[in-house]
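Structure first, then comments.
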Amino acid sequence: MQRLTIRDFLKKKGKEKITMLTVYDYSMAKILSETEVDGFLVGDSLGMNVLGFPSTLQVTMDHMIHHTRAVVRASPRQLIVVDMPFMSYEPSNEVAVKNAGILASEGADAVKLEGGVEVYERVANIVKFGVPVMGHIGLTPQRYLTLGGYRTVKDEAKLISDALALEEAGAFSIVIENVYAEIAKKITEKVSIPTICIGAGPHCDGQVLVIHDLLGMGDIQPYFSRKYLDLKAEIREAVKRYINDVKTGTFPGRENYKSRES
Ligand code: KIV
Ligand code: NA
């Protein structure tokens, strides 16, 4: 099956909801590649979810390259969007283009970076030189220090100008994180590119969720996520059975080992 493209995303606006999930490694990418989900986000949330960092500020290009390679090796049909980590695009247009190019050459179909008006030039340059960009506005975790924490962003006029700036700069889609549903609705109506929401209500063109939250594997369960599985409990229960089977001598069973007599 053909890999989805940014054109497929654009065509879905107003017709069909787009679904995305974060994916950080090969085995999950393999599993999810056989679902109908449209897009994979190799999110810098991997810093917390798989590397145990306190925030996304510790995530580097090397981390993103490492995890992008793992996801790309699964050859999924999903569009692969890769987060540009903290300070990989902020310093200059040159730095931004160079790092976006590295991620694209590793197999990213698009990159995502945080911000609106302030990243206009970065987005325009990256797109101009051949790498599609997904924007990310509202709560931008890489700016949590200046935002004063992980909080709902309420400045409607700023959010709208950020979204319009991203569209004008050539972004093919925009993630809207943690803003009032009414504002996300307004933005979705104002831009011609698909909006992908997380914690921004039901009126967007699509939705993204962190796979750890969906599966019940994360340290915390954000109010805007839904736990479809309690995998943490399932894993502990499976391990408990394993320990018990070893201790009682029921594992390994006769089918699990070879013996000279047959
Ligand atoms: O890194 C991430 O998981 C993200 C999503 C929350 C959009 O950027
Ligand atoms: Na991210």
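If you use this note's numbering, the sequence shown corresponds to residues -16 to 245, in order. Beta carbons: idealized from backbone N, C-alpha and C, even for Gly. Bear in mind the structure is a predicted one, so any value in this text is a computation, not a measurement.
Exercise for the section: Report the option in M67, M31, Q61, G35 whose CA atom is closest to the CA atom of D45. Expected result: As a first step, residue 45 must be located in the sequence shown, where it is residue number 62. When each option's Cα is compared against that of D45, the closest is M67.
Practice task
Tell me whether M50 counts as near the ligand KIV, meaning its Cβ is closer than 7 Å to at least one heavy atom of that ligand.
Solution key: Counting from one through the sequence shown, the residue named residue 50 turns up at place 67. The amino acid occupying residue 50 in the given sequence is His; Met does not appear at that position. For the ligand KIV, not one heavy atom lies less than 7 Å from the Cβ of H50.
Practice task
Report back the beta-carbon spacing between D21 and T2 to the nearest angstrom; my notes put them in contact at under 8 Å.
Solution key: As a first step, residue 21 is located in the sequence shown; it is residue number 38 there, counting from the start. As a first step, residue 2 is located in the sequence shown; it is residue number 19 there, counting from the start. Contact flag correct, Cβ pair sits at about 5 Å.
Practice task
For T5, I'd like the list of residues in its chain whose CB is within less than 7 Å of its CB, leaving aside the five on either flank, ordered along the chain.
Solution key: For the purposes of this step, residue 5 is identified with residue 22 of the sequence shown, where counting begins at 1. Closer than 7 Å at Cβ, skipping near neighbours: L24, G26, S28, V193, I194.
Practice task
Check whether the Cβ of D66 sits closer than 7 Å to any heavy atom of the ligand KIV, and report yes or no.
Solution key: Here residue 66 refers to the residue found at position 83 of the sequence shown. Yes, since a heavy atom of the ligand KIV falls inside the 7 Å radius drawn around the Cβ of D66.
Practice task
Examine the ligand KIV and report whether any of its heavy atoms sits within less than 7 Å of the Cβ of L24.
Solution key: In the sequence shown, the residue the question calls residue 24 occupies position 41. Yes - the ligand KIV has a heavy atom lying nearer than 7 Å to the Cβ of L24.
Practice task
Compare the C-alpha of L197 against each of L212, E73, E217 and name the closest.
Solution key: Here residue 197 refers to the residue found at position 214 of the sequence shown. Checking every option, the nearest Cα to that of L197 belongs to L212.
Problem - Chain-order list of residues whose beta-carbon lies under 7 Å from that of R56 (same chain, five-residue window excluded) - result: Counted from its first residue, the sequence shown places residue 56 at position 73. Y9.
Problem - Local Cβ density within 10 Å of D138, reported as buried at 16 or more and exposed below that - result: If you number the sequence shown from 1, residue 138 lands on position 155. Exposed, by the Cβ-count rule.
Problem - At least three beta-carbon pairs within less than 8 Å, the stretch 183 to 193 to the stretch -8 to 0 - result: With a cut-off of 8 Å, the stretch -8 to 0 and the stretch 183 to 193 count as touching, because enough Cβ pairs lie within range.
Practice task
Count the other C-beta atoms from every protein chain shown that fall within 10 angstroms of the C-beta of Y240, then say buried if there are 16 or more, exposed otherwise.
Solution key: Residue 240 sits at position 257 when you count from the first residue of the sequence shown. When all chains shown are included, Y240 counts as exposed.
Handout entry: Unbroken alpha helix (DSSP H) run spanning I(-11), endpoints
Key = Taking the first residue of the sequence shown as position 1, residue -11 is located at position 6. For I(-11), the enclosing alpha helix (DSSP H) covers residues -11 to -5.
Handout entry: Y103 to A148 span [Cα, whole Å]
Key = Taking the first residue of the sequence shown as 1, we reach residue 103 at position 120. Taking the first residue of the sequence shown as 1, we reach residue 148 at position 165. Whole-angstrom Cα-Cα distance: 6 Å.
Handout entry: V106 versus A154 - alpha carbon distance
Key = Residue 106 sits at position 123 when you count from the first residue of the sequence shown. Residue 154 sits at position 171 when you count from the first residue of the sequence shown. Looking at the two C-alpha atoms, the distance is approximately 7 Å.
Exercise for the section: Determine the contact status of R134 and L142, defining contact as a CB-CB distance below 8 Å. Expected result: Reading the sequence shown from its first residue, position 151 is the one you call residue 134. Reading the sequence shown from its first residue, position 159 is the one you call residue 142. In this structure, the beta-carbon distance from R134 to L142 does not fall below 8 Å.
Handout entry: Within 8 Å, strictly: CB atoms of N82 and S75
Key = Numbered from 1 along the sequence shown, position 99 holds the residue referred to as residue 82. Numbered from 1 along the sequence shown, position 92 holds the residue referred to as residue 75. Going by C-beta atoms, N82 is not nearer than 8 Å to S75.
Handout entry: A91 versus V64 - alpha carbon distance
Key = Against the sequence shown, residue 91 aligns to sequence position 108. Against the sequence shown, residue 64 aligns to sequence position 81. Using only the alpha carbons, I get a separation of about 6 Å.
Problem - Any non-hydrogen atom of the ligand NA closer than 7 Å to S10 Cβ - result: As a working mapping, residue 10 is identified with position 27 in the sequence shown. No.
Handout entry: Element boundaries [beta strand (DSSP E), containing V191]
Key = The residue given as residue 191 occupies position 208 in the sequence shown. From DSSP, the beta strand (DSSP E) with V191 extends over 189 to 192.
Handout entry: Own chain residues within Cβ distance below 8 Å of N161, not counting five before or after
Key = Translated into positions along the sequence shown, residue 161 becomes position 178. The residues are G121, L122, Y133, R134, T135, V136, I181, G182, A183, F207.
Exercise for the section: On the DSSP bridge assignment, give the partners of F23 in chain order. Expected result: Stepping through the sequence shown from its first residue, residue 23 is reached at position 40. DSSP output for F23 lists L4, I63 as bridge partner(s).
Handout entry: Cβ neighbours of A79 in the same chain (closer than 7 Å, five flanking residues each side left out)
Key = Sequence index remark: in the sequence shown, residue 79 carries index 96 (1-based). Same-chain partners within the cutoff: Y72, R105, N108, I109.
Handout entry: Nonlocal neighbours in the same chain, by C-beta distance under 6 Å from K13, ignoring five residues either side
Key = Numbered from 1 along the sequence shown, position 30 holds the residue referred to as residue 13. For K13, where only same-chain residues beyond five positions count, the Cβ hits under 6 Å are A57.
Practice task
Taking 8 Å as the cut-off, decide whether the C-beta atoms of H186 and V158 are in contact.
Solution key: Within the sequence shown, residue 186 is the residue found at index 203, counting from 1. Within the sequence shown, residue 158 is the residue found at index 175, counting from 1. Going by C-beta atoms, H186 is not nearer than 8 Å to V158.
Practice task
Give the DSSP-derived three-state secondary structure of I203 in the structure shown.
Solution key: If you number the sequence shown from 1, residue 203 lands on position 220. Correct three-state label for I203: coil.
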